[in-house]
Amino acid sequence: MMSQSTNPNHVPHHVPHATTELYDVCHDEVVVEPAPVEAVTPKHGMLKHLAHRFSILGLIGLLMVAIWLVVAFIGPLVAPYKGGTLTSTEIFGRYSAAYPLGTDYLGRDMLSRILYGARYTVGLALAAAVLASVIGTFFGLLAAVSGRWVDEILSRLFDAIISIPSKVLALVVIAAFGSSIPMLTTVAALAYIPGAFRISRSLAVNLMGLEYVQVARARGEGIFYIARVEVLPNMIHPMLADFGLRFVFIVLLLSGLSFLGLGVQPPNADWGSLVRENIGGLSEGAPAVLMPAVAIATLTIGMNLLIDNLRRRGRSHGGA
26 MMSQSTNPNH VPHHVPHATT ELYDVCHDEV VVEPAPVEAV TPKHGMLKHL
76 AHRFSILGLI GLLMVAIWLV VAFIGPLVAP YKGGTLTSTE IFGRYSAAYP
126 LGTDYLGRDM LSRILYGARY TVGLALAAAV LASVIGTFFG LLAAVSGRWV
176 DEILSRLFDA IISIPSKVLA LVVIAAFGSS IPMLTTVAAL AYIPGAFRIS
226 RSLAVNLMGL EYVQVARARG EGIFYIARVE VLPNMIHPML ADFGLRFVFI
276 VLLLSGLSFL GLGVQPPNAD WGSLVRENIG GLSEGAPAVL MPAVAIATLT
326 IGMNLLIDNL RRRGRSHGGA
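In this text, residue positions in the sequence shown follow the working numbering: the first is 26, and each later residue adds one.
This is the structure:
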């Protein structure tokens with residue numbers, strides 16, 4: 026029988042497992058093994074991310090706005106009938122299987138008319154809101170980072186424009202130049218550029234006084250670098266909330282112009298035009314006059330819920 030080695034300098038060699046790491050651990054220490062990490066599926070991760078970023082009302086608003094955005098893009102493709110097709114001899118028809126939202130004053134399917142009209146109501150308002158926000162933010166940043174004279178000139182110019190009520194400005198311009206899709210987009214953007222300018226300028230002026238901007242100036246950075254890198258990224262949340270607000274105002278402005286007959290012209294129609302065309306069925310409670318109004322209401326309410334969520338999130342990030 027072989028005797029074991031009694032050499033005190035002899036240290037037994039143990040071959041560790043390939044995935045085992047060696048540590049110098051005392052006998053009285055407790056080794057805690059890491060808990061297994063559960064795999065997160067992409068779907069679960071996305072839902073958790075949305076739940077973290079949005080409140081319940083914010084999610085409802087996001088869903089309502091997303092539905093109408095999708096309808097604006099694919100509405101004509103899924104509409105049961107072409108927008109202007111006469112499909113029934115019954116005017117101001119009630120809800121039925123053939124016509125889920127009834128028929129209008131000429132016997133046309135209201136579901137198809139609303140799906141087609143979403144392109145103009147949502148599309149024009151979205152284009153005008155983007156123009157107003159981009160142009161207003163650009164000039165607001167320019168006024169904040171430039172000298173006093175540039176700030177004074179731009180501020181007085183936009184103060185003069187904002188002093189004219191948006192509907193009055195739109196009525197004057199459309200009466201002078203006529204109603205068309207480009208003109209409606211332009212006049213709606215023009216009416217709300219001053220508001221975006223004032224918000225962005227106020228934010229930029231406050232940010233220009235912060236220490237990190239002063240450090241960038243001390244480094245010798247140019248005004249356009251400071252505006253683009255140091256100031257603009259910190260204005261995103263407030264300007265997104267302002268963009269949603271402009272969108273709601275423009276939807277109501279364009280719908281009001283269409284109700285007055287100065288908006289989208291026949292044979293095309295937005296939701297405001299549909300309300301005006303079918304106003305004769307209001308006393309009968311016809312779906313033809315109620316459904317376009319419901320569409321306008323759901324779009325604006327959904328956007329307001331989404332805006333409120335963005336404002337709350339912006340305040341929480343800002344520590345206010």
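Glycine included, every Cβ here is placed at the ideal spot set by N, Cα and C.
Legend entry - Phe117 and Ala313 closer than 7 Å at C-beta: Yes, these two residues count as a Cβ contact at 7 Å.
Inset, instruction - Using three-state DSSP, classify Leu131 as helix, strand or coil. - result: The three-state secondary structure of Leu131, taken from DSSP, is coil.
Legend entry - Cβ-based neighbour list, Tyr145, same chain, cut-off 7 Å, excluding 5 preceding and 5 following: Counting only Cβ-Cβ distances below 7 Å, and skipping sequence neighbours, we find Val289, Asn293, Asp295.
Inset, instruction - Please work out which residues of its chain come closer than 6 Å, Cβ to Cβ, to Ser137, disregarding the five sequence neighbours upstream and downstream, and give them in chain order. - result: Within the same chain, Ser137 has close Cβ partners Ala104, Pro105, Tyr106, Gly108.
Inset, instruction - Compute the Euclidean distance between the alpha carbons of Val55 and Arg78, then round it to the nearest angstrom. - result: Low local confidence applies: a pLDDT of 49 at Val55 is under 50, so the model's placement there is unreliable, with the coordinate-based value given in what follows. When rounded, the distance between both Cα atoms is 39 Å.
Legend entry - The alpha helix (DSSP H) enclosing Met264, as first and last residue numbers: For Met264, the uninterrupted alpha helix (DSSP H) run begins and ends at 261-284, by DSSP.
Inset, instruction - Tell me whether Ala287 sits in a helix, a strand or coil according to DSSP, three-state version. - result: As written in the sequence, residue 287 is Leu, which differs from the Ala given in the question. Three-state DSSP puts Leu287 in coil, outside helix and strand.
Inset, instruction - Compare the beta carbon distance of Ser158 and Ala252 with 7 Å and say whether it is the shorter of the two. - result: In this structure, Ala252 does not lie closer than 7 Å to Ser158 by Cβ.
Legend entry - Beta-carbon gap between Val22 and Phe284 smaller than 7 Å: In the structure as shown, the chain begins at 26 and stops at 345. Residue 22 is therefore absent and cannot be evaluated.
Legend entry - Glu309 burial status per 10 Å Cβ neighbour count (16 or more: buried): Exposed, since its Cβ has fewer than 16 Cβ neighbours within 10 Å.
Legend entry - Leu111 - partner residues in DSSP beta bridges: Note: Leu111 sits in a beta bridge opposite Arg133.
Legend entry - Span of the alpha helix (DSSP H) around Ala97: Looking at the DSSP string, the run of the alpha helix (DSSP H) that includes Ala97 is 81-103.
Inset, instruction - State the Cα-Cα distance for the pair Gly172 and Ile187, rounded to the nearest angstrom. - result: When rounded, the distance between both Cα atoms is 23 Å.
Legend entry - Test item: CB-CB of Ala23 and Gly165 under 7 Å: No answer is possible for residue 23: it lies beyond the span of the chain, which begins at 26 and ends at 345.
Inset, instruction - Evaluate contact between the region 179-186 and the region 211-219, counting only Cβ atoms and requiring at least three cross-stretch pairs below 8 Å. - result: Touching, yes.
Inset, instruction - Within 10 angstroms of the Cβ of Phe249, are there 16 or more other Cβ atoms? Answer buried if so, exposed if not. - result: With a threshold of 16 other beta carbon atoms within 10 Å, Phe249 falls short and is exposed.
Inset, instruction - Would you mind stating whether Gly269 and Met328 have Cβ atoms separated by less than 7 Å? - result: Against a cut-off of 7 Å, the Cβ pair of Met328 and Gly269 comes out as a contact.
Legend entry - 7 Å Cβ cutoff met for Ser204 and Leu278: Not in contact: Ser204 and Leu278 (Cβ atoms no closer than 7 Å).
Legend entry - Tyr237 burial status per 10 Å Cβ neighbour count (16 or more: buried): In this structure Tyr237 is exposed. Its beta-carbon is surrounded by fewer than 16 other beta-carbon atoms within 10 angstroms.
Legend entry - Cβ distance (whole Å) where Thr210 is taken to contact Ala152 below 8 Å: About 5 Å separates the beta carbon of Thr210 from that of Ala152, a gap short enough to meet the 8 Å contact definition.
Legend entry - Cβ neighbours of Ile321 in the same chain (closer than 6 Å, five flanking residues each side left out): Taken in chain order, the residues that qualify are Ser280, Trp296.
Legend entry - CA-to-CA distance, Leu131 to Leu102, given in whole angstroms: When rounded, the distance between both Cα atoms is 22 Å.
Inset, instruction - Rank Gly306, Leu257, Leu324, Asp129 by C-alpha distance to the C-alpha of Thr114 and give the top, closest one. - result: Minimum Cα distance to Thr114 is reached at Asp129.
Inset, instruction - Between the Cα of Met264 and those of Asp333, Ile99, Met89, Val90, spot the shortest distance and give me the residue it belongs to. - result: Closest in C-alpha terms to Met264, from the list Asp333, Ile99, Met89, Val90, comes Asp333.
Inset, instruction - Take Leu111 and list the residues in its own chain whose beta-carbon comes closer than 8 Å to its own, dropping the five residues that flank it on each side. - result: Scanning its chain for C-beta atoms nearer than 8 Å, with the 5 sequence neighbours on each side dropped, one finds around Leu111 the residues Leu131, Gly132, Arg133, in chain order.
Legend entry - Any chain B beta carbon closer than 7 Å to Ile248: No chain B is present in this structure, which holds just one protein chain.
Inset, instruction - Quick one: using the 10 Å Cβ neighbour count with 16 as the cut-off for buried, is Glu302 buried or exposed? - result: Buried, since its Cβ has 16 or more Cβ neighbours within 10 Å.
Inset, instruction - Use the C-beta contact count for Tyr141: other C-beta atoms within 10 angstroms, 16 or more gives buried, fewer gives exposed. - result: Flag for Tyr141 reads buried.
Inset, instruction - Decide if Ile177 is buried, meaning its Cβ has at least 16 other Cβ atoms within 10 Å, or exposed. - result: A small fix is needed here, since residue 177 is Glu in this sequence, not Ile. Exposed, by the Cβ-count rule.
Legend entry - Pairwise C-alpha distance: Leu87 and Ile81: Cα to Cα, Ile81 sits roughly 10 Å from Leu87.
Legend entry - Rounded separation between Val198 and Met135 - CA only: Using only the alpha carbons, I get a separation of about 31 Å.
Inset, instruction - Drop a sphere of 10 angstroms on the beta-carbon of Phe272, count the other beta-carbons inside from all chains shown, and report buried for 16 or more, exposed for fewer. - result: Phe272 comes out buried.
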